[in-house]
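Each remark here refers to the structure printed beneath this line.
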Amino acid sequence: MTANVGSTRNPASPADYRLLLPDGWFRVRIDPEGREGSVDALVDRQFAGVDNAPHLKRQLRDELLAQATAAYRDGGIELYLSLQQAGPLTIPASLLITLLRPAPGTAQPYPAELARRLSADMAAEATVLELAAGTAVRVRRATGQPGTPAPAGAPGNVDEALPSVTVDYQLPVPGTTAHLLLTFSTPLLQIAEAMVELFDAVAGSLTWLDGDGTHE
3 MTANVGSTRN
13 PASPADYRLL
23 LPDGWFRVRI
33 DPEGREGSVD
43 ALVDRQFAGV
53 DNAPHLKRQL
63 RDELLAQATA
73 AYRDGGIELY
83 LSLQQAGPLT
93 IPASLLITLL
103 RPAPGTAQPY
113 PAELARRLSA
123 DMAAEATVLE
133 LAAGTAVRVR
143 RATGQPGTPA
153 PAGAPGNVDE
163 ALPSVTVDYQ
173 LPVPGTTAHL
183 LLTFSTPLLQ
193 IAEAMVELFD
203 AVAGSLTWLD
213 GDGTHE
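Counting with the numbering used here, you get residues 3 to 218 for the letters of the sequence shown.
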């Protein structure tokens, strides 16, 4: 899948990027023009063959619209939700992709300094790692748990009232001052390590594309 980063475009920067996600992840359009149609398609998929639950269907639609609206308001450019099945159960997880731009006249700190700041600001585990797409800062944190409230303004899942494990990957967009932020979240604390391995694999699949769709 790809998502345009053309707003940061200059001759030295990529035109786009590509991520590989497992089967069963659904892209929810969060832009105002496509939001309702995308949410309706997801709700219809989830309730296919179910005709006796209008209240639950309406509730899910309202929740998804609120999540998509908040993601767009906070600067998100893409939102994916896991519909993967484990037997009769759905494995809940989300991926929000955000393009971060520094204020005019400022620059993003070097990865080691950014990791130090994020670790201190968010009381979380922050590390620097090398991905195929470049040097990234990875932040793992627990949200919504007693004694560990999410910091105000922290990026992540739009609903952090419930206990969850969140992993952020922040890396610079080549040839620009912007950073791409991938925020994965899941409430499945019982299998958190397996989910984090999945998140690491998806983040590691990120590649930059030039204008004709080929790898840079």
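Just so you know, even glycine gets a beta-carbon here, dropped at the ideal spot from N, CA and C.
Keep in mind that this is a model prediction, so the values were computed, not measured.
Which same chain residues, not among the five before or five after residue i, have their C-beta less than 6 Å away from its C-beta?
i, result
"A95", "S84 and T188"
"L62", "V45"
"T108", "none"
Using C-beta distances below 8 Å, list every residue in its chain close to residue i, excluding the 5 sequence neighbours before and after it, in chain order.
i, result
"S121", "E127, A128 and V141"
"D33", "Y74"
"R119", "P111"
"Q87", "G26 and I93"
Let me check understanding here. Comparing Cα to Cα, which of the options lies closest to residue i?
i, options, result
"L91", "V204, L98 and G26", "G26"
"M124", "L98, L131 and V169", "V169"
"A134", "T71, T145 and P174", "P174"
"D76", "L200, T100 and Q86", "T100"
"P80", "P56, L200 and T185", "According to the sequence as given, residue 80 is Glu; it is not Pro. When only C-alpha atoms are compared, the closest one is T185."
"T137", "G146, Q172 and V167", "Q172"
"E38", "R60, G89 and E132", "R60"
"L200", "I93, T108 and G36", "I93"
"I193", "A203, A205, V204 and S166", "S166"
"G146", "L116, L191, V52 and D202", "L191"
"R143", "N54, L116 and V198", "V198"
Within a Cβ cutoff of 7 Å, which residues of the same chain sit near residue i, ignoring the five residues on either side of it in sequence?
i, result
"S207", "L21 and L22"
"P104", "Q110 and T179"
"V41", "V30, R63, L66, L67 and A70"
"F28", "L44, Y82, L83 and L85"
"V139", "P113, L116, A117, L120, A128, V130 and Q172"
Assign residue i to one of three DSSP states: helix, strand, or coil.
i, result
"Y112", "coil"
"I193", "helix"
"A201", "Note on residue identity: the sequence assigns Phe, not Ala, to residue 201. Three-state result, F201: helix."
"V219", "Outside the shown range of the chain (3 to 218) lies residue 219, about which nothing can therefore be said."
"E227", "Here the chain has residues from 3 to 218 only, and residue 227 is not among them."
"T100", "strand"
"R37", "helix"
"P56", "helix"
"Q2", "The requested residue 2 does not occur in the structure, where the chain is confined to residues 3 to 218."
"G206", "helix"
"D170", "strand"
"R119", "helix"
"D76", "coil"
"A88", "strand"
"D18", "strand"
"V179", "Reading the sequence as shown, one finds Thr at residue 179 and not Val. T179: coil per DSSP, three-state reduction."
"A126", "coil"
"V160", "Caution is warranted here: a pLDDT of 40 is assigned to V160, below 50, making its placement in the model unreliable, and no coordinate value can be reported."
"A134", "coil"
Confirm the yes/no value for this check: CB of residue i, any heavy atom of the ligand MG, distance under 6 Å.
i, result
"A55", "In terms of ligand content, the structure shown is empty, and the ligand MG therefore cannot be addressed."
Mind reading off the beta-carbon distance from residue i to residue j? Whole number of angstroms is fine, and I expect it under 8 Å.
i, j, result
"G78", "L98", "5 Å"
"G177", "A17", "Not a contact, Cβ separation roughly 11 Å."
"V130", "P113", "5 Å"
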